[in-house]
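> Just passing along the structure, written as structure tokens.
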Amino acid sequence: MTATVQGPGTSTSTGTGTGTRSTPRLVHGTDPEAAALLPEGLARTFRVLPYAVVDGAVLVAAADPADPVVERVVSEHLAQPADRPVVLVKHTANEVVAAIDAVHPPVEGRVETPEQRRARTQLATMLTASGLVEPDQLQRALVEHSRTGDPLGDILVAHESIPEDVLVAALSEIHQMQRVGLADFEPDLVLGRRLPEPLAQRLQAVPVAEAEGAVLLAVARPLDAAAVSEVEEAVGSPVRQLLANRTDLDQLIQRVHSAHYAHVATTGLMESHPDSSAHVVVTGTQKAVLVMALVATVVCLVIWPMGTLIGLVGLCSAIYLVVSIYKFRLTLRALGTHLETDVTDAEIAALDERELPTYTILVPLYKEAGIVPRLVRDINALDYPRTRLDVKLLCEEDDTETIETIRSMGLPPHFHLVVVPDSQPKTKPKACNYGLQLSTGSYCVIFDAEDRPDPDQLKKALIAFDRVGPEVVCIQAKLNHFNQDQNLLTAWFANEYSMHFELVLPAMGATEAPIPLGGTSNHFRTSVLRELGAWDPFNVTEDADLGIRLHREGYRTAMIDSTTLEEANSVVPNWIRQRSRWNKGYYQTWLVHMRNPASLLAQTGFRGFMSFNLTMGSAFVLLMNPIFWALTTLYVFTQWGFIQQLFPGIVFYAASAMLFVGNFVFVYLNVAGSLQRGEFGITRTALLSPLYWGLMSWAAWKGFIQLFTNPFYWEKTEHGLDGGHA
Amino acid sequence: MSTPTIDPAAGPAGGPSTPAPTVLPAGPVVLTNRERLAGVVQAVGRRPADVPRRPWESLLVLGVSTLVYAWIGYWLVVEMHVVGFETLDRLNRALMVWHNDPTKLSALGFDYPPLATLLLTPLTIFTSPVRALLVVPLASAVFAGLTMMTLNTMMRRAQVLAPLRIAVLVAVGCNPLVVLYAAGGARHFIWLSFVVVALGALFAWYVTADIRFVMIAGLAYSVAALAGYSSLLWFVLSLLMVAAVLARLGADGTEVEGTTVGFAAPTVYVIALWTAFNGLLLLDPFSWITDSSDASSSGGLPSFSLVELATATGKLVLHGAPLAILVLPALVFAGVARRNTFALWLAIMLAAAVLTPALAVALRLTDSPLLMRNALPILLLAVIGGIWLARSAGDASTLVSAVLVVGLLASIPWTFSSMKTYEYQNLESAFAAAVSTRESQEGTRTLDGSTVGLISEEAMAGWIRDNVSRRSSILTDNAQTYAVMLLTGRPDLFFDRVDASDGPWLEAAKDPAEHVDFLLLSTDTDNDLLSQLYPDAADGADALLTVAYSTPRYTLVAVPAGFSRVADSSDDEGTEGTS
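Order-wise, the sequence lines are chains V and U.
So that you can map any letter, position 62 of the first sequence is 62 in full-length UniProt numbering, and since no number is skipped, the others follow by simple counting.
So that you can map any letter, position 505 of the second sequence is 505 in full-length UniProt numbering, and since no number is skipped, the others follow by simple counting.
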């Protein structure tokens, strides 16, 4: 309910309220409590300020009370009971601005300059006058502008109210600059590279031609004088700016510098941290140790066959036992408690969106054209200003279908199509490394194509980064599945993830143990990620490897209570492929970090060292499972004395404890994980998880064999098999 | 290289055409955790805060209780000779797990619930404390300490003041029935302690809605189930309670199902596993329940009319756990009048504890009707009920706690006096006599006709330790001579029925000279398989098998070289059986 009072002497009611001659005005003072009813951003953008409450009505000073947008914004955003009347009281713009400045003292850099305001107003007028923007769209964009301070045009484009080309045309009018179309442009690479890549990236500019002794520079937005001189110094000649479509410009920068990006993406870690790269599977020293151990075992088997076999069985039983105890201890610690960094709704609401950094989202895609529309929808659903998102859709060059799908969608410029040149190894980490070089965000996160993160995840991660110590450079969100009800396999998968992400990882985070990161939803401080050499393109569980590497460098990972839902593999062969890759990656990671155990021990400490080995040990336990299951089954049916001899005394007790107690404990931990997460519907499937372990062992053996036959091969997981359970 | 298109026209009207808009999927996108958990009663993060953890206080209660009962138990067992032979049997089995020749987990056997013995194995790793009988009181004291610790935590959750908590613990702990079973090594406190832990966890769950406690309760019941089959009754009642409480709080079917599955899974698993073992090894999957002393009768049970049963039940409660007479109606009142769900369920459990002994007799599931020890679960449930009433009393919490203390203290002399004369009992009268007279009870007879003491066993064990050193050189039926074996601390000296199962043992029994140097025989030939084969030798009257050493209850005879038993068909009768 809004009324309008025109001028100091007269009053005109446009709503149900009325104004009178005695209506107080700003000159009579501003009630701070009334002023607090409207956020500063909205007050400045729309030049309105609540300043008094008289006879139960809120008086709002407005420079343009007749503007329907102003009226609607005030009625929608004023923090007061809906039935309380609001009266817009006409004041001059200067009066309102002065009053706003008095209530909210302006902070340099946060408040729009007169020039910026003029340009914004001019843009809004142009767009509305030509009918290119609807009032609703404009209002929404203005409200977002008042929260974020981001350019109105960028907001309109991000929300697809207008296309980027329209904005470019409008800006060219406002700034009186020529435009350049780059859609089908074949660049002169030599000319393009005259502007060094870091500068091109930072300024979003590329030399596209030379004319009349000047370099024609395609720019996303007009550069200021300092930037222009920087460019001129770099290219060695005067430049003339031409406004370009941001999406086209981005593609052009990628094409000009693709060779550089591809080289760094593949060899960056290998050259900067060769000891951490999995491009060599087993080092010479490791080979020597393994061969010697093998020879010693064979010799012992020949001399003391039964004693050696008992020793091997005892060793395996001991590994089983310690791995199991470690995992059990972790889960017990996490059961029923909140070890994750907790972020409240109030903290999220209190975030000043003007202070939000640009956030890069890396989304590797391969042959997933069908999933792109859903991906776009879910990323746009994130509670984060789109103008501060830098979404990299990372496609392989040979995946033309996905590339064409993305192109055909005409996505707004916060989505960036990144085409990774076809080269070996063709892995997700290499694509991520490629995308990381193009990233503009202070923070970055990886999501898979089918991921559905909690909408507030980015903000939660930012708050968590602020709260934890500077040593925490990675925040891992929880992963789970949206199609857990699809079949038994997906339910088991959800059981497993519930235990891993609800219990095991939070406990590892709380104990500052090296965390093998999950494949997605790990948020990084971008600068540190680059410093670490990013992901290892030769490691097929680059996420786990990176988690260990950052721990070795003294950094830490924390968990947040935010979930990303993924598609659980619902088809056994597809699941086996995915899981065999994970296991192969664990073996790779173990081999890489155990190249120099002393160094690992020194860097991670005894607890970290043990934690790493016990965590990776779980992959080796999966290899042993079928052997022990076979022995047990054989013994039950045959009572073969030879098997009995393999398990003397204490070995038998340990093996029995693992068989009867350990196995159940692990089944029950799956139950516990699901209960902890509140997923009661899949509790009973957890009871059947021993069957799932059979599949896990199958995949483990496949991965183990592939480690020697095809170590860098990326077993691709097919997505989109959820059969409508999404 | 192509040329970029430079558009000289300034202004939006001259802009290039816009791409066709892409139709994106609409509708709700992602459910947040909060939305997903909106209807969940037990969601993490939306529950009342639990009391702060105080591990040191818990450890202190556990440690002090254990030490006190161990000290009393040592006096009771070693000086007063008040000890149950069942405890010695279980300890001997536990000893055999580590020190037999060969070491065998199957020494646990099927006579007792497996965990009643397995949980004692840590006490028998070293043999010296076993020989000195130090482990006998510990076999129950540790679990009594666990019970006290759980009661203390429950009282903390009930916000009972610290002095009153101590008073309640002292009053419960000094109850003579509690002292006897906590200090004497009996197995009842093993399963009872885990039932109390489970109930304590459910208590915490009801207060905090923290699902972790349901899982803890489920795990505790799984241990309790294999330590004493009677605990299955409390498990079933608790399962119903969990489902009923959730349904009352508005949980949907999925949450009720998931929670009850999580609660029941451990117990169902262990029972299924134990059933499978029974099936595989005894060829009778339900032997654990049909042949168990916990839930079966050998047919010697006297007849009881309903009136007699009711009277006996009244006496049991009146003498063993009079507190229940106060607490049960109070719980029912709180449950019905004040709609206190947990109070109502505690009332149901307490009523079940009261009725179960009579029910076991009515269904003929026991050989030992309405024993005084049956009052132990009634007493402990009454205490838990009292604690819950104190929590539910609000401002009157302190008053209720004080009444609980007074009730418990008042019942101490009453119960102690009843132990001397109560009709159905084990060692209660011997315990009461030992406490009253401070004199050893060696050789005295209990009200059920058993003889108290273990001098015979100690003497035989001492002789064997001093004179026998060859492993597996004494053939014996360990099901009867376990006390001697235990007191030697050397089960490896014996060729028993566990070493190589009954088949090879029987072969050796028929031709002992081929296998052993001695036969250890029980003078009571009713149950001893070896004594049945050599009755004269058991009496010390066999000309060939000369007595090496004998006590009133045992005879050790030497087996001469070349000795061979002349077998006849009648001798072999009755030798089949399992240990």
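For every residue, glycine included, the Cβ atom is placed at its ideal position computed from N, Cα and C.
I'd like to check one pair, U:F431 with U:V82: are the Cβ atoms closer than 8 Å?
Pairing U:V82 with U:F431 gives a Cβ-Cβ distance under 8 Å.
> Please say whether U:P266 and V:Y668 have beta carbons closer to each other than 8 Å?
For V:Y668 and U:P266, yes; Cβs fall inside 8 Å.
> In angstroms with no decimal places, state the Cα-to-Cα distance between V:V96 and V:G41.
14 Å
> Determine which residues share a DSSP beta bridge with V:K478 and list them.
V:T563
> Using DSSP with H/G/I as helix, E/B as strand and the rest coil, what is U:S392?
helix
> Taking residue 760 of chain V as the query, report the chain U residues whose CB atoms sit under 8 Å from its CB, ordered along the chain.
Residue 760 of chain V lies beyond the range of chain V shown here (1 to 726); nothing can be said about it.
> Across which residues does DSSP place V:K90 in a beta bridge pair?
Beta-bridge pairing links V:K90 to V:A62.
> Just curious, the alpha helix (DSSP H) that V:T30 is in, first and last residue?
It is not in any alpha helix (DSSP H) - V:T30 carries neither H nor E in the DSSP assignment.
> Is there at least one Cβ from chain V nearer than 8 Å to U:R157's Cβ?
no
> Assess contact between the stretch 546-557 of chain V and the stretch 680-690 of chain V, defined as three or more Cβ pairs (one per stretch) separated by less than 8 Å. Is contact present?
no
> Closest to U:V41 by C-alpha separation, out of U:V77, U:V245 and U:G489, would be which residue?
U:V245
> Which residues does DSSP pair with V:A218 in a beta bridge?
V:V206 and V:L242
> Can you give me the Cβ contacts of U:P322 inside the same chain, cut-off strictly under 6 Å, excluding the 5 residues immediately before and after it?
Result list for U:P322: S411, in chain order.
> Three-state secondary structure (DSSP) at U:S522?
strand
> Does any CB atom of chain V fall closer than 8 Å to the CB of U:L108?
no
> So with CB distances below 9 Å, who are the chain V contacts of U:R212?
Result: L335, G336, T337, A672, L675 and Q676.
> How many angstroms separate the CA atom of V:D390 from the CA atom of V:D451?
17 Å
> Can you tell me which of the three DSSP states V:C316 falls into?
helix
> Report yes or no: is there a C-beta of chain V within less than 8 Å of the C-beta of U:Y269?
yes
> What is the rounded straight-line gap between the Cα of U:V196 and the Cα of V:L290?
53 Å
> Of all the CB atoms in chain V, is at least one closer than 8 Å to the CB of U:A43?
It does: the Cβ of U:A43 has a partner Cβ on chain V nearer than 8 Å.
> Would you tell me roughly how many angstroms separate the C-alpha atoms of V:D150 and V:V190, rounded to the nearest one?
So the two alpha carbons sit approximately 35 Å from each other.
> Work out the CA separation of U:I72 and U:N374 for me, nearest whole Å.
22 Å
> Interface residues of chain U around V:F666 at Cβ under 7 Å?
Those within 7 Å of V:F666 in chain U number zero; the least Cβ separation is about 12 Å.
> Pull up the distance between the alpha-carbon of U:R157 and that of U:T147, whole angstroms please.
Roughly 15 Å between the two C-alpha positions.
> Cβ-heavy atom distance between U:P302 and the ligand GDP below 7 Å?
Within the structure as shown, the ligand GDP is missing, as the structure has no ligands at all.
> So, under 8 Å CB-CB, V:P357 and V:Y443 are touching, yes? Tell me the CB distance rounded to an integer number of Å.
6 Å
> Let me check understanding here. Comparing Cα to Cα, which of U:A393, U:L346, U:D367 and U:L363 lies closest to U:L379?
The shortest Cα separation from U:L379 among U:A393, U:L346, U:D367 and U:L363 belongs to U:L346.
> Could you tell me which chain U residues have their CB closer than 8 Å to the CB of V:T387, listed as they occur along the chain?
Within 8 Å of the CB of V:T387, no CB atom of chain U is found; the nearest one sits about 19 Å away.
> Can you give me the C-alpha to C-alpha distance between U:G39 and U:E257, rounded to a whole angstrom?
15 Å
> What residues from the stretch 676-696 of chain V come within 7 Å of chain U, judged by C-beta to C-beta, listed N to C?
Residues Q676, G678, F680, G681, T683, R684 and L687.
> Which chain V residues sit within Cβ distance under 8 Å of U:T254?
F680 and G681
> State the beta-bridge partners of V:A57 as determined by DSSP.
V:A57 pairs with V:V54.
> If you follow the beta strand (DSSP E) that V:I446 is in, where does it begin and where does it stop?
Y443 to I446
> Per the contact definition of three or more C-beta pairs closer than 8 Å, is the stretch 521-531 of chain V in contact with the stretch 308-319 of chain V?
Touching, no.
> Per DSSP, V:T490 is paired with what?
None, per the DSSP bridge assignment.
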